[in-house]
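Enquirer:
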Amino acid sequence: MKKSNKIFKVIVIFFLVFLYAPALLLPIFSFNNSKVISFPLSGFSTIWFEELLYENTLHNALFNSLLIAISSTILATILGTLVARASTRYIFYGKKISITFILVPLILPEIILGVCLLTVLIQLGLDLNLWSVVLGHTLLITPFSTLIMVSAFNNLDISLEEASLDLGMSSFQTFRIIILPMVSPGLISSLLIGFVISLDEFIIAFFLTGVEPTLPVYIWSQFRFPAKLPSTMALGTILLIVSLILVSLFEYFRRRMELYNYYSVGLDQN
Amino acid sequence: MNKKNIRNPEKIVDLISIEKSFDKIRAVNNVSLGIKEGEFFSLLGPSGCGKTTLLRIIAGFEKPENGDVFINGKNVNSVEPNNRPTNMVFQNYAIFPHLNVSENVGYGLRNTNLNKDEIAQKIEEALNLVGLEGYHKRASSALSGGQRQRVALARALILKPRVLLLDEPLSALDKNLREQMQFELRQLQKSVGITFVLVTHDQTEALTMSDRVGVMFNGKVDQVASPEEIYNKPQTKRVASFIGNMNFFETQYLEKNSKTISVCHKDLGNIKLLKSNIFGDDKSKLTIGIRPENFKINNKNGKKQSKSFNAKVVEKSFMGDTMLYGINLGENDHHTYRISISDIKNTPSPNIGEEISVYFQEDDIVAYFEE
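If you read the sequences in order, they're chains A and B.
Sequential numbering of the first sequence, starting at 106, is according to my numbering.
Sequential numbering of the second sequence, starting at 264, is according to my numbering.
In structure tokens form, the structure reads like this:
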């Protein structure tokens, strides 16, 4: 037992280093006062962060990204919620196959998705703008929202809905007072994870964005200028921190959801 | 109003020829049942007999394929659960986990025109009724099993329903609490005067709490009667074996009089049966049933009772208030019959292997016609 435990520990440590060492380089170099990204470090500085404050194109890109992330996340969460509700409460013909098709974008390479969407939009004669990216990202996030919301609705004990109806509430009141608060941890999880996915999505945004870049597309374009590299690192550091916070929140709400389920079935007998 | 839609007002719930299937399985098979205003009625049966389905049909959660449901004299076939004068206590209590005790109990009052003070007053009363004074602000996650049940009861009773439906409300509680709650539920029903319909698979629960019991098997109601009658005069063999213990003996048909039927059993001898104790359609064979406590043991040297027979003790177990024996009748009969002796002090206490003489009263015997 003990020996295998040790091997296990080594594997875990190796795995963590492999995962996080590259990410750790971001904050290190973003506080370095040299224009060249290499060791040894020459000194501490916040100049690269200050530089970000004066980049107007960056601000536009950030605004675009936030707009896209918020819109597509809300759209995808609404769609995912409807799909989840239908699939957990109703029996209908072709349920399994339609759910499978909704989940396909999970495994489809994004570049294929991007090319397909671009072809379709051009064929339809639509202009490429921020809303075409919203469309693409909604398609990308909906499977995640669906999965999260299916698990939220599965955790929801059907007798809670029945109890609410039994006590004289309409279906709509039941949805608003019982179902919505009960699945709200799922909703928040879905919004958070969708936001993170949309915010750092590059390929689809690159294909569909037209003239207004999103943040990842802007970052990509900055690599042509070596002088911009350190401030891009600083931007990366900020994004890293924001993502960490969002993912932690996601995990917090996911656990809340499990707790709800535990209490609603009343397993404790004391 | 249409005459078909008005029924006997004495029956608060009236079910007429109800049928319901799930995936080709008949859950409820042509059930007609009347529940009287103000009574404590239990639907008793093994799991899967359709009792919960029947309760959910009364509540409106299931729609019957055939038949009519009348509540308080009105046909409610097309009335949704939120508009029926019934409230339900769910098996797992279905306490809303994100609401506290007060919010749970007062939930049904949200749609009424009462003001805040009146609602608070009603919640207070409901909590007092179930013995949860001062639990208003308690989070529902911090409640024990018994407390959850009380909250569920208060929440359902606060709307003053005409009928309270209880779906196995005690099955999740431990034994001591269950016995206490049986008593409390009975008291509560008497004090509020609301009709209670309880679903249970526990015979003791049904017998101790109810005014009347309906016993169900495979989607059909076999018998509806008072607990005493169900126990003493079970109308079908499966009711007899489901409620308490029953020894069955196959007999030969001898002769029929105006009030009695005579039969013969190879070990018990000739027996005269009261016609009022015989159930089922007239057929060639009669199976008689005798409860274990209706057998008595003859004193060895005393005078033998008229209906006596010899037996051999093969099992013996002391239960505290009663002594249970298993007996064989003939040399080659390996079927074990049960005897239960409650008057332990004044009864001989034979050991395993001993030959004894046992007697019974003919009036206590029930009998069923069989093919």
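Just so it is clear, CB atoms sit at the ideal spot from N, CA and C, and this is done for glycine as well.
If you're wondering where the values come from, they're calculated on a predicted model, not measured in any experiment.
1. In chain A, which residues lie less than 8 Å from A357(B) when you measure between Cβ atoms?
2. Quick one: give me the first and last residue of the beta strand (DSSP E) that N292(B) is part of.
3. How about G323(B) and M479(B): do their beta carbons lie closer than 9 Å?
4. For F639(B), which beta-bridge partners are listed by DSSP?
5. According to a CB-to-CB cut-off of less than 9 Å, which residues of the stretch 488-518 of chain B neighbour chain A?
6. Give the secondary structure of Y357(A) by DSSP, where H, G and I count as helix, E and B as strand, and everything else as coil.
7. Quick check on the DSSP output: what are the complete beta strand (DSSP E) runs of length 3 or more inside the stretch 578-631 of chain B, in order along the chain?
8. Tell me the residue span of the alpha helix (DSSP H) that contains E513(B).
9. I want to verify the contact list: residues of chain A whose CB lies under 8 Å from the CB of P344(B), in sequence order.
10. Tell me whether M351(B) sits in a helix, a strand or coil according to DSSP, three-state version.
11. Scan the stretch 283-299 of chain A for residues whose Cβ lies nearer than 8 Å to a Cβ of chain B and list them as they occur along the chain.
12. At a Cβ cut of 8 Å, what residues of the stretch 462-491 of chain B count as close to chain A, listed as they run along the chain?
13. Going by Cα to Cα distance, which pick from S280(B), Q568(B), V342(B) is closest to S295(B)?
14. V393(B) and L420(B) - do their beta-carbons sit closer together than 9 Å?
15. Return the first residue and the last residue of the alpha helix (DSSP H) that N363(B) is part of.
16. Using 9 Å as the limit for Cβ to Cβ distance, is M351(B) near chain A?
17. Going by DSSP in three states, V393(B) sits in which element: helix, strand or coil?
18. Spell out the partners DSSP gives H528(B) in its beta bridges.
19. Using 8 Å as the threshold, is the stretch 359-371 of chain B in touch with the stretch 322-342 of chain B, meaning 3 or more CB pairs across them?
20. Would K283(B) pass as an interface residue toward chain A - the criterion being a Cβ-Cβ separation below 9 Å?
21. Following the continuous alpha helix (DSSP H) through L226(A), name the residue where it begins and the one where it ends.
22. Residues of chain A with CB closer than 9 Å to the CB of H598(B), please, in chain order.
23. Is P611(B) closer than 9 Å to N533(B) when the C-beta atoms are compared?
24. Touch check for the stretch 291-299 of chain A and the stretch 236-256 of chain A: three-plus C-beta pairs under 8 Å?
25. Below 8 Å CB to CB, which residues in the same chain sit around P327(B) once its five sequence neighbours on both sides are set aside?
26. Tell me, please, which residues DSSP counts as bridged to F333(B).
27. In angstroms with no decimal places, state the Cα-to-Cα distance between T585(B) and S605(B).
28. Against chain A, with Cβ distances strictly below 9 Å, would Y370(B) count as a contact?
29. If I'm right that N355(B) touches D271(A) with Cβ under 8 Å, what's the distance once you round it to whole angstroms?
30. Compute the beta-carbon to beta-carbon distance between Y494(B) and K559(B), rounded to the nearest angstrom, for a pair I have assumed lies under 8 Å.
31. Please list the terminal residues of the continuous alpha helix (DSSP H) segment that includes D271(A).
32. Could you tell me the alpha carbon to alpha carbon distance between K379(B) and P214(A), rounded to whole angstroms?
33. Counting contacts by CB-CB distance shorter than 9 Å, is Q278(A) in contact with chain B?
34. Alpha carbon to alpha carbon, how far is R361(A) from I386(B)? Give it in angstroms, no decimals.
35. Going straight from the alpha carbon of N169(A) to that of T186(A), what length do you get?
36. Check whether the stretch 355-364 of chain B touches the stretch 396-416 of chain B, taking contact to mean three or more Cβ pairs, one atom from each stretch, closer than 8 Å.
Expert: On the basis of the coordinates in this document:
1. Chain A residues near A357(B): D262, S264, L265, E267, A268, S369.
2. Unbroken beta strand (DSSP E) run through N292(B): 288-299.
3. Taking a C-beta distance under 9 Å as the contact criterion, G323(B) and M479(B) do not qualify as a contact pair.
4. Residue numbering for chain B in the displayed model covers 264 to 634; residue 639(B) lies beyond these limits and cannot be assessed.
5. Using a CB distance below 9 Å, no part of the stretch 488-518 of chain B faces chain A.
6. It is helical.
7. Counting only runs of 3 or more, we get 586-591, 600-604, 618-623.
8. Premise fails: E513(B) lies in the beta strand (DSSP E), 510-519, not in any alpha helix (DSSP H).
9. Against chain A, the beta carbon of P344(B) has neighbours under 8 Å at E267, L270, D271, listed in chain order.
10. In this structure, M351(B) counts as strand in the three-state DSSP scheme.
11. Residues passing the 8 Å Cβ filter: I283, P286, M287.
12. If the cut-off is 8 Å between Cβ atoms, the stretch 462-491 of chain B has nothing near chain A.
13. Nearest option by C-alpha distance: S280(B).
14. Taking 9 Å as the Cβ cut-off, L420(B) and V393(B) qualify as a contacting pair.
15. Annotation for N363(B): no alpha helix (DSSP H) segment contains it, and DSSP assigns it neither H nor E.
16. So, interface residue.
17. For V393(B), the three-state secondary structure derived from DSSP is coil.
18. G532(B), per the DSSP bridge assignment.
19. In short, these stretches do not touch, since the Cβ pair count stays below three.
20. Not an interface residue.
21. From DSSP, the alpha helix (DSSP H) with L226(A) extends over 215-228.
22. Those do not exist, as H598(B) stays about 40 Å from chain A at its closest Cβ, beyond 9 Å.
23. Taking C-beta atoms as the reference points, N533(B) and P611(B) fail to come closer than 9 Å.
24. Yes: the two stretches touch, three or more of their Cβ pairs being nearer than 8 Å.
25. Hits under 8 Å: I281, E282, K283, V291, I320, N340.
26. Note: F333(B) sits in a beta bridge opposite D277(B), N338(B).
27. Their Cα atoms are separated by approximately 4 Å.
28. Residue-level contact by beta carbon holds for Y370(B) and chain A, with a gap shorter than 9 Å.
29. Actually they are not in contact, since the Cβ atoms of N355(B) and D271(A) sit about 14 Å apart, beyond 8 Å.
30. Under the criterion of beta carbons closer than 8 Å, Y494(B) and K559(B) do not qualify as touching, at roughly 19 Å.
31. 263-271 is the extent of the alpha helix (DSSP H) around D271(A).
32. If you take the alpha carbons of K379(B) and P214(A), they lie about 57 Å apart.
33. It does: the Cβ of Q278(A) has a partner Cβ on chain B nearer than 9 Å.
34. About 29 Å.
35. The straight-line gap separating the alpha-carbon atoms of N169(A) and T186(A) is approximately 26 Å.
36. Yes, the stretch 355-364 of chain B touches the stretch 396-416 of chain B.
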